[in-house]
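For the sequence shown, my numbering begins at 1 and goes up steadily by one.
The C-beta atom is built at its ideal place from N, Cα and C for all residues, glycine as well.
Taking it in order: structure first as structure tokens, then the write-up.
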Amino acid sequence: MALGALSLAKRRGLKIPDDLSIIGFDNISLSEFCDPPLTTVAQPRFDIGREAMLLLLDQLHGHSVSSGLATA
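In structure tokens:
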């Protein structure tokens, strides 16, 4: 989506980042080849999924699981 937004903004004559800031959320490997380069954030999807599964297994085994922030 960020690449599409960048393309559309440029077609509409907007200057990035002067007029509009765009940030990707999935660490797109092509981001470094954009003009201007696109800032993107990596998400540790595997670690998040593993932590969620461990919490689910704890619940299934009758263990108390606290709600709140989980670190992956």
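Q: Could you tell me how far apart the beta carbons of Leu6 and Leu38 are, in whole angstroms, since I believe they sit closer than 8 Å?
A: 6 Å
Q: Give the straight-line distance between the Cα atoms of Asp26 and Leu60, rounded to the nearest whole angstrom.
A: 31 Å
Q) Exposed or buried, which one is Ile48 when buried takes at least 16 other CB atoms within 10 Å? A) exposed
Q. Taking Cβ to Cβ, would you say Leu3 is nearer than 8 Å to Ile23?
A. no
Q. Which value, in whole angstroms, describes the spacing of the CA atoms of Leu20 and Phe33?
A. 19 Å
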